[in-house]
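Residue numbers (full-length UniProt numbering), protein chains in the order written: chain A, 1 to 261; chain B, 1 to 261.
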DNA sequence: CTTGCCCACTCGTCTATACGAGTAGGGCTG
DNA sequence: CAGCCCTACTCGTATAGACGAGTGGGCAAG
């Protein structure tokens with residue numbers, strides 16, 4: 001039971017580094033070195049209290065640091081575990097290329113299937129609503145919009161939720177206003193309606209999630225979100241859609257290809 | 001002094017929501033509603049202890065939640081403050097366009113000057129070293145590389161640090177191996193050396209920073225980093241540079257433009 | 001053998017207390 | 001008047017203890 005010293009070492013009482021930081025440092029290092037592997041259980045609070053001769057709150061304080069770094073996650077009644085890195089979804093910059101729209105299924109489904117995961121789309125909601133200030137600006141001063149909300153899951157885990165906003169004069173009464181927009185998705189429908197897509201602009205931020213986002217994406221603490229806002233422009237230069245997406249940052253890598261023009 | 005109730009309300013003892021969460025909720029809401037503005041000081045721990053009738057650790061626990069969300073930052077001896085949103089640097093997807101290389105100064109400097117901020121480049125280091133596995137793969141199995149490290153600051157605040165890796169057979173003995181690579185930066189030099197740039201690939205992740213990154217970028221807790229890895233390809237299809245960049249996420253918005261091909 | 005309970009172990013929440021250390025402002029001292 | 005110090009207020013660190021609640025294994029009863 002007291003084989004911990006071999007893994008963890010001692011505290012340095014002369015150091016001016018706080019005890020709980022020293023403990024966090026040692027645990028972090030042990031994790032980095034692979035002494036504790038992904039998904040593995042760390043020593044319990046009681047064991048660390050025993051090993052270091054400190055109070056329980058001090059140990060908990062150490063754990064909370066590592067949680068904030070996204071390194072570990074506590075599970076009530078079970079223990080504290082090294083957070084496994086989930087499979088990552090790579091978003092290629094050509095993911096909206098016309099050729100990907102030819103097949104019947106939605107991009108997300110096709111791509112996930114190809115990667116061998118089980119995709120799901122969730123909590124679909126399509127409705128007309130008042131445009132927020134920001135959305136209105138991006139779409140060129142529209143009052144009301146059609147909003148399409150949905151959540152994406154990979155192997156049962158929510159990874160992203162997104163809302164598409166479209167001007168009512170474009171979307172109302174079309175298949176875009178239906179829960180299922182048909183083969184090729186709304187971009188295919190937009191082109192059929194004569195709005196030939198010219199280019200997309202994407203705006204990317206990263207930040208910590210709001211409590212709502214934590215719930216919706218079932219995020220562990222210490223996991224940021226990537227906030228992506230994409231605007232689609234047709235060949236006339238009009239913004240025909242704005243898509244606001246929030247992604248679990250630990251589930252994504254974004255790829256872009258830029259010309260060196 | 002006890003005008004706090006007007007700002008904060010009471011606890012619900014019947015709720016099964018933990019007290020420290022309820023307090024965090026109330027503070028968060030007050031901040032969201034603008035009752036506490038950016039940079040403003042929140043009530044002190046002692047005041048909240050008094051107001052809610054709880055122990056100090058409970059109040060601190062609430063604060064630590066809000067810190068983890070990046071909403072507030074504690075300053076020793078002063079108080080807990082609503083985190084101001086720093087000015088944001090927008091990275092356009094054409095930032096490497098050839099036309100931007102014509103002028104003498106580095107892209108970062110030019111751009112920051114234009115935005116009215118005071119730019120600085122820091123801790124320059126240029127040296128030859130062994131390529132990591134990852135870098136080696138990206139550059140096409142090179143053993144050793146030239147590494148150019150530097151840190152960028154905006155108005156005195158570190159916002160990003162980056163390392164460029166170049167194959168030795170390209171960079172050794174050229175101005176690229178000098179601390180100051182000359183007008184137009186290393187991309188201009190690469191082109192002069194006959195490596196005409198064709199395109200860039202960028203790979204973007206977001207995650208919580210390592211302790212080292214926290215120090216280097218002086219990050220407040222609750223601020224993620226954006227990790228960007230860019231590979232530059234010449235017209236022969238060879239990877240001629242890999243640039244590994246870590247940015248303070250609260251200081252950046254990335255912009256990309258994608259063709260709808 | 002199966003069901004269900006109990007118990008030991010885990011983390012979660014909360015209290016009360018103590019001392020240390022950074023900050024800022026008022027007032028004393030030279 | 002200038003400079004220093006003292007003090008009150010702030011957050012930081014750490015202890016000790018209590019109870020609650022989720023989990024899982026073992027044992028006992030049916």
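The beta carbon of each residue, even a glycine, is placed where N, CA and C say it ideally should be. Because the structure is a prediction, the values reported are computed rather than measured.
Neighbour list for residue i in chain A, Cβ cutoff strictly below 9 Å
| i | result |
| --- | --- |
| residue 39 (chain B) | The premise fails here: residue 39 (chain B) is roughly 18 Å from chain A at the closest Cβ pair, so nothing lies under 9 Å. |
| residue 47 (chain B) | Residues of chain A passing the Cβ test: none, with the nearest at roughly 23 Å. |
Neighbouring residues, chain B, relative to residue i (Cβ below 7 Å)
| i | result |
| --- | --- |
| residue 69 (chain A) | 208 |
| residue 198 (chain A) | 260 |
Chain A contact residues for residue i, given Cβ-Cβ distances below 8 Å
| i | result |
| --- | --- |
| residue 93 (chain B) | 256 and 258 |
| residue 221 (chain B) | 68 |
| residue 249 (chain B) | 205, 206, 207 and 224 |
Inter-residue CB distance, residue i and residue j (contact presumed, cutoff 8 Å)
| i | j | result |
| --- | --- | --- |
| residue 159 (chain B) | residue 247 (chain B) | 6 Å |
| residue 7 (chain A) | residue 19 (chain A) | 18 Å between Cβ atoms; not a contact. |
| residue 251 (chain A) | residue 88 (chain A) | 6 Å |
| residue 258 (chain A) | residue 202 (chain B) | 7 Å |
| residue 95 (chain A) | residue 184 (chain A) | That belief does not hold up - the Cβ atoms of residue 95 (chain A) and residue 184 (chain A) are roughly 13 Å apart, past 8 Å. |
| residue 256 (chain A) | residue 52 (chain B) | Not really, about 48 Å apart at Cβ, beyond 8 Å. |
| residue 195 (chain B) | residue 169 (chain B) | Actually they are not in contact, since the Cβ atoms of residue 195 (chain B) and residue 169 (chain B) sit about 11 Å apart, beyond 8 Å. |
| residue 189 (chain A) | residue 181 (chain A) | 6 Å |
| residue 93 (chain B) | residue 155 (chain B) | Not really, about 25 Å apart at Cβ, beyond 8 Å. |
Partners in chain A for residue i, counting only beta-carbon separations shorter than 7 Å
| i | result |
| --- | --- |
| residue 97 (chain B) | 261 |
| residue 84 (chain B) | In chain order: nothing, as chain A lies at least about 14 Å away. |
Residue i and residue j closer than 9 Å at C-beta
| i | j | result |
| --- | --- | --- |
| residue 145 (chain B) | residue 197 (chain B) | no |
| residue 260 (chain A) | residue 98 (chain B) | yes |
| residue 91 (chain A) | residue 253 (chain A) | yes |
| residue 166 (chain B) | residue 150 (chain B) | no |
| residue 45 (chain A) | residue 56 (chain A) | yes |
| residue 186 (chain A) | residue 238 (chain A) | no |
| residue 54 (chain A) | residue 23 (chain A) | yes |
| residue 200 (chain A) | residue 232 (chain A) | yes |
| residue 157 (chain B) | residue 218 (chain B) | yes |
| residue 236 (chain A) | residue 211 (chain B) | no |
| residue 107 (chain B) | residue 121 (chain B) | no |
| residue 216 (chain A) | residue 193 (chain A) | no |
| residue 143 (chain A) | residue 136 (chain A) | yes |
| residue 172 (chain A) | residue 128 (chain A) | yes |
Neighbour list for residue i in chain B, Cβ cutoff strictly below 9 Å
| i | result |
| --- | --- |
| residue 202 (chain A) | 93, 254, 255, 256, 257 and 258 |
Contiguous beta strand (DSSP E) assignments of at least 3 residues, all confined to the stretch 41–116 of chain A: For the beta strand (DSSP E) assignment, the uninterrupted runs of no fewer than 3 residues enclosed by the stretch 41–116 of chain A are, from N- to C-terminal side, 72–75, 79–82 and 89–91.
Touch test, the stretch 228–245 of chain B against the stretch 155–170 of chain B, Cβ-Cβ under 8 Å, three pairs minimum: Short answer: they touch.
The stretch 221–232 of chain B touching the stretch 200–211 of chain B, judged by at least three CB pairs closer than 8 Å: With a cut-off of 8 Å, the stretch 200–211 of chain B and the stretch 221–232 of chain B count as touching, because enough Cβ pairs lie within range.
Minimum length 3: unbroken beta strand (DSSP E) runs contained in the stretch 180–220 of chain A: Counting whole runs of 3 or more residues, the stretch 180–220 of chain A contains the beta strand (DSSP E) stretches 197–207.
contact_flag[the stretch 49–67 of chain A, the stretch 19–30 of chain A] where n(CB pairs < 8 Å) is 3 or more: The stretch 49–67 of chain A is in contact with the stretch 19–30 of chain A.
The stretch 73–80 of chain B contacting the stretch 36–43 of chain B, beta-carbon criterion three pairs below 8 Å: Touching, yes, given that three or more Cβ pairs across the two stretches are closer than 8 Å.
Those runs of the beta strand (DSSP E) which lie wholly inside the stretch 137–187 of chain B and span at least 3 residues: The DSSP assignment places 144–154 and 157–167 as complete runs of the beta strand (DSSP E) inside the stretch 137–187 of chain B, in order along the chain (cut-off: 3 residues).
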